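Structure record follows, encoded as structure tokens.
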Amino acid sequence: MSQLSYLLVDGHSVMHAWPELRRDQRSASRRHLAQLALMQRLRTYQDMSGKQVVLVFDGTHTQRNEQREPGGLQVIYAEATTTADAILERLANRYAREHPMQVASADGMVRETILACGADWISPEMLKSLCEDAEKQVQEWIGKRPR
72 MSQLSYLLVD GHSVMHAWPE LRRDQRSASR RHLAQLALMQ RLRTYQDMSG KQVVLVFDGT
132 HTQRNEQREP GGLQVIYAEA TTTADAILER LANRYAREHP MQVASADGMV RETILACGAD
192 WISPEMLKSL CEDAEKQVQE WIGKRPR
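Residue numbering for the sequence shown follows my numbering, starting at 72 and increasing by one per position.
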């Protein structure tokens with residue numbers, strides 16, 4: 072059995088970077104739509120890549136909230152006094168030497184910290200390309216299935 076590898080994603084950073092999510096992200100009443108769209112794309116990537124995806128959002132609540140879909144995404148909402156960046160850096164510091172790990176963020180300081188921890192960094196644009204490739208794989212697989 073191969074070693075489990077991880078993709079950690081800075082949710083707000085990616086939603087700000089992807090034009091198709093940016094508009095909904097900027098509207099408080101539509102932000103959940105951007106989050107749902109990002110989660111769907113990351114589920115497809117996780118299914119096709121075999122990586123465990125951990126999506127981290129800045130929080131507004133008094134305590135950290137974590138949700139894990141059975142066999143699916145792990146979503147972490149930071150508490151109001153902590154940023155998603157801090158959680159990503161802590162996770163990379165704790166686990167990057169034990170498990171292959173990529174972190175997707177547009178933040179340069181996060182990039183420097185996670186690289187120092189032994190994780191790999193990818194930009195939101197690189198993540199988008201990975202998601203698009205996974206979506207194409209799904210479409211090809213569906214197209215090859217007997218009808």
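Just so it is clear, CB atoms sit at the ideal spot from N, CA and C, and this is done for glycine as well. None of these values were measured; they are calculated from a predicted model.
Notebook entry, point to check: What does a CB cutoff of less than 6 Å around Ile193 pick up in its chain, not counting 5 residues either side in sequence?
Noted result: Here residue 193 refers to the residue found at position 122 of the sequence shown. Answer for Ile193: Gln173, Ala175, listed in chain order.
Next item on the list: Kindly indicate the opening and closing residues of the alpha helix (DSSP H) around Glu160.
Entry: Counted from its first residue, the sequence shown places residue 160 at position 89. Per DSSP, the unbroken alpha helix (DSSP H) holding Glu160 starts and ends at 155–166.
Item checked: alpha helix (DSSP H) segment containing Asp95, residue limits -> Here residue 95 refers to the residue found at position 24 when the sequence shown is read from its first residue. Counting along the chain, the unbroken alpha helix (DSSP H) around Asp95 starts and ends at 90–97.
Checklist line | Three-pair Cβ contact test at 8 Å for the stretch 177–189 versus the stretch 90–99 | finding: The stretch 177–189 is not in contact with the stretch 90–99.
Next item on the list: Go ahead and pull the three-state DSSP assignment for Ala177.
Entry: One-based indexing of the sequence shown puts residue 177 at position 106. Here Ala177 sits in coil by DSSP.
Margin query: Leu201 and Asp81 - do their beta-carbons sit closer together than 8 Å?
Written below: Your numbering for residue 81 matches position 10 in the sequence shown. Your numbering for residue 201 matches position 130 in the sequence shown. Not in contact: Asp81 and Leu201 (Cβ atoms no closer than 8 Å).
Item checked: C-beta contact flag for Leu107 and Leu126 at 8 Å -> Here residue 107 refers to the residue found at position 36 of the sequence shown. Here residue 126 refers to the residue found at position 55 of the sequence shown. No, they are not a contact pair.
Next item on the list: Pick helix, strand or coil for Gln208, following the three-state DSSP scheme.
Entry: As a working mapping, residue 208 is identified with position 137 in the sequence shown. DSSP places Gln208 in helix when its eight states are reduced to three.
Check: Which residue's Cα is closest to the Cα of Leu162: Ala177, Leu109, Val181, Ala151?
Finding: The residue given as residue 162 occupies position 91 in the sequence shown. Here the closest residue by C-alpha is Val181.
Check: Three or more beta-carbon pairs under 8 Å between the stretch 139–153 and the stretch 164–172, yes or no?
Finding: Fewer than three beta-carbon pairs drawn from the stretch 139–153 and the stretch 164–172 are found closer than 8 Å, and the two stretches are therefore not classed as touching.
Checklist line | C-alpha gap between Lys199 and Ala105, whole angstroms | finding: Translated into positions along the sequence shown, residue 199 becomes position 128. Translated into positions along the sequence shown, residue 105 becomes position 34. Whole-angstrom Cα-Cα distance: 14 Å.
Notebook entry, point to check: By DSSP, does Ala149 sit in helix, in strand, or in coil?
Noted result: Working through the sequence shown from its first residue, we reach residue 149 at position 78. It is a strand residue.
Note to self: Taking only three categories from DSSP, how would you classify Glu42?
What the structure shows: Nothing about residue 42 can be read from this structure; the chain reaches only from 72 to 218.
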